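To start, the structure under review is shown below, and the notes come after it.
Protein chains: 2
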Amino acid sequence: MAVMAWETEVTRINKILDGLTDQELQKETAPGRNSGHYLLGHLLAVSDGMIGLLGWEERSLKNLDAPFVSNPEKAAIEKLPVAKLRELWQSVNTRISQHIQKTSADDWFKRHNAVSDEDFAKEPHRNKLNLLINRTNHMSYHRGQLIYLTKKGE
Amino acid sequence: MAVMAWETEVTRINKILDGLTDQELQKETAPGRNSGHYLLGHLLAVSDGMIGLLGWEERSLKNLDAPFVSNPEKAAIEKLPVAKLRELWQSVNTRISQHIQKTSADDWFKRHNAVSDEDFAKEPHRNKLNLLINRTNHMSYHRGQLIYLTKKGE
Numbered sequence: 001m002a003v004m005a006w007e008t009e010v011t012r013i014n015k016i017l018d019g020l021t022d023q024e025l026q027k028e029t030a031p032g033r034n035s036g037h038y039l040l041g042h043l044l045a046v047s048d049g050m051i052g053l054l055g056w057e058e059r060s061l062k063n064l065d066a067p068f069v070s071n072p073e074k075a076a077i078e079k080l081p082v083a084k085l086r087e088l089w090q091s092v093n094t095r096i097s098q099h100i101q102k103t104s105a106d107d108w109f110k111r112h113n114a115v116s117d118e119d120f121a122k123e124p125h126r127n128k129l130n131l132l133i134n135r136t137n138h139m140s141y142h143r144g145q146l147i148y149l150t151k152k153g154e
Numbered sequence: 155m156a157v158m159a160w161e162t163e164v165t166r167i168n169k170i171l172d173g174l175t176d177q178e179l180q181k182e183t184a185p186g187r188n189s190g191h192y193l194l195g196h197l198l199a200v201s202d203g204m205i206g207l208l209g210w211e212e213r214s215l216k217n218l219d220a221p222f223v224s225n226p227e228k229a230a231i232e233k234l235p236v237a238k239l240r241e242l243w244q245s246v247n248t249r250i251s252q253h254i255q256k257t258s259a260d261d262w263f264k265r266h267n268a269v270s271d272e273d274f275a276k277e278p279h280r281n282k283l284n285l286l287i288n289r290t291n292h293m294s295y296h297r298g299q300l301i302y303l304t305k306k307g308e
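Protein chains in written order, with my numbering: chain A, 1 to 154; chain B, 155 to 308.
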């Protein structure tokens with residue numbers, strides 16, 4: 001069910017992205033708030049980070065953390081253009097889906113890489129499935145903002 | 155883990171609500187978009203609806219569906235004031251927490267009331283836990299919008 005919720009969330013974000021031109025995606029989601037450009041880079045960096053935290057692969061887009069995660073949008077850090085982010089977004093989600101399919105039920109209950117063996121012994125809920133659940137909520141949160149780039153989104 | 159995600163989400167929404175005056179909560183989250191008033195009523199109606207769908211209690215706030223769910227904000231339907239919605243929001247969440255504590259692991263995998271016995275036989279993932287997961291994502295989505303009522307929320 002958590003996997004289904006993840007996939008549903010990606011599908012919903014894709015639906016928004018597909019309905020926006022690159023130019024529309026560059027706009028602010030609300031006056032003075034993050035643009036669609038920043039949010040797409042942010043979601044991409046976080047999803048790429050999840051691939052690493054779940055121990056599936058080495059991260060390949062660590063360079064997106066500075067422009068889209070650890071610094072606010074207005075920081076003078078060069079950002080990959082929207083068109084490139086769209087490509088990478090599709091590719092990261094394809095890879096995540098492939099890894100999800102290969103992940104066994106038992107494996108979901110194992111430790112993820114942001115928690116030490118010692119802490120995991122005390123807090124066994126800090127497993128891979130929990131990370132997926134939290135990252136799904138994180139996507140929903142920003143989808144609520146991206147929808148404001150569409151004409152009638154509520 | 156799904157229950158923890160729900161409780162975390164409620165806590166985060168409460169933190170936003172506590173930081174806003176009633177007047178601030180009445181503002182639009184972005185130009186031409188839903189106000190905090192509407193979103194709070196909406197979340198409240200949906201959480202009250204969940205109590206019914208999970209078979210915990212009869213719904214007590216069905217009258218909130220017309221102003222906050224089935225009609226857009228601009229519809230000329232009288233809306234309970236923000237102060238009253240805040241009270242009801244606390245009370246509905248307290249009741250949900252109490253019911254969650256009494257729900258057994260097995261019970262989470264039973265059918266919820268929005269799915270027929272027949273459909274549930276075909277789609278057993280449409281259980282109570284799945285409803286909770288989806289409603290948690292729904293809250294995150296609107297939290298991403300409510301945060302725009304705060305000064306620096308991203």
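Quick reminder that beta carbons are idealized off the backbone N, C-alpha and C, glycines included. What you are looking at is a predicted structure, and each value in this text was computed from that prediction instead of being measured.
Residues near residue i by beta carbon distance below 7 Å, same chain, minus five either side
i: L53/A; result: H112, N113, A114, L131
i: L61/A; result: L44, A45, D48, L88
i: L283/B; result: A156, W262, F263
i: T11/A; result: none
i: K256/B; result: none
i: F120/A; result: R111, R126
i: R240/B; result: L171
i: R59/A; result: D48, G49, I51, G52
i: A184/B; result: Y302
Buried/exposed call for residue i, threshold 16 Cβ in 10 Å
i: T94/A; result: exposed
i: Q145/A; result: buried
i: I77/A; result: exposed
i: G190/B; result: buried
i: A237/B; result: exposed
i: A5/A; result: buried
i: N225/B; result: exposed
i: T175/B; result: exposed
Per DSSP, cross-strand counterpart(s) of residue i
i: R111/A; result: N127/A
i: E28/A; result: S35/A
Neighbourhood of residue i by C-beta distance below 8 Å, restricted to the same chain and skipping five residues each side
i: L80/A; result: G41, L64, P67, L88
i: E163/B; result: T290, M293, S294, R297
i: I170/B; result: R297, L300, I301, L303, T304, G307
i: G211/B; result: Correcting the residue type first, residue 211/B is Glu in the shown sequence and not Gly. Excluding residues within five positions, the ones whose Cβ falls inside 8 Å are I205, R249, H253.
i: D117/A; result: R111
i: G173/B; result: T304
i: V92/A; result: L44, S47, D48, I51, L61
i: N288/B; result: none
i: E123/A; result: V115
i: A259/B; result: none
i: L39/A; result: T29, H142, Q145, L146
heavy atom of the ligand GDP below 8 Å from residue i C-beta
i: R249/B; result: By its list of ligands, the structure shown contains no ligand whatsoever, and the ligand GDP lies outside what it can speak to.
Contacts around residue i, its chain only, beta-carbon distance under 6 Å, and the 5 residues preceding and following it disregarded
i: N188/B; result: E227
i: G55/A; result: N113
- Task: Decide if the stretch 171-187 of chain B is in contact with the stretch 205-221 of chain B; the criterion is three or more beta carbon pairs, one per stretch, under 8 Å apart.
- Result: As far as the Cβ criterion goes, the stretch 171-187 of chain B does not touch the stretch 205-221 of chain B, which means the pair count is below three.
- For the stretch 103-123 of chain A, which residues have a CB atom closer than 9 Å to at least one CB atom of chain B, in sequence order? Along the stretch 103-123 of chain A, none of the residues has a CB nearer than 9 Å to a CB of chain B.
- Query: Taking Cβ-Cβ distances below 9 Å as the criterion, which residues of the stretch 129-154 of chain A are in contact with chain B?
  - Reply: Considering only beta carbons, the part of the stretch 129-154 of chain A lying closer than 9 Å to chain B consists of L129, N130, I133, N134, T136, N137, H138, M139, S140, Y141, H142, R143, G144, Q145, L146, I147, Y148, G153, E154, in chain order.
- Task: Note down, in chain order, all residues in the stretch 175-202 of chain B with a beta-carbon under 8 Å from any beta-carbon belonging to chain A.
- Result: For the stretch 175-202 of chain B, which is checked against every Cβ of chain A, the residues closer than 8 Å are T183, A184, P185, R187, N188.
- Contacting positions in the stretch 156-171 of chain B - beta carbon closer than 7 Å to chain A: Those residues of the stretch 156-171 of chain B that come within reach of chain A (Cβ to Cβ, closer than 7 Å) are A156, M158, A159, E163.
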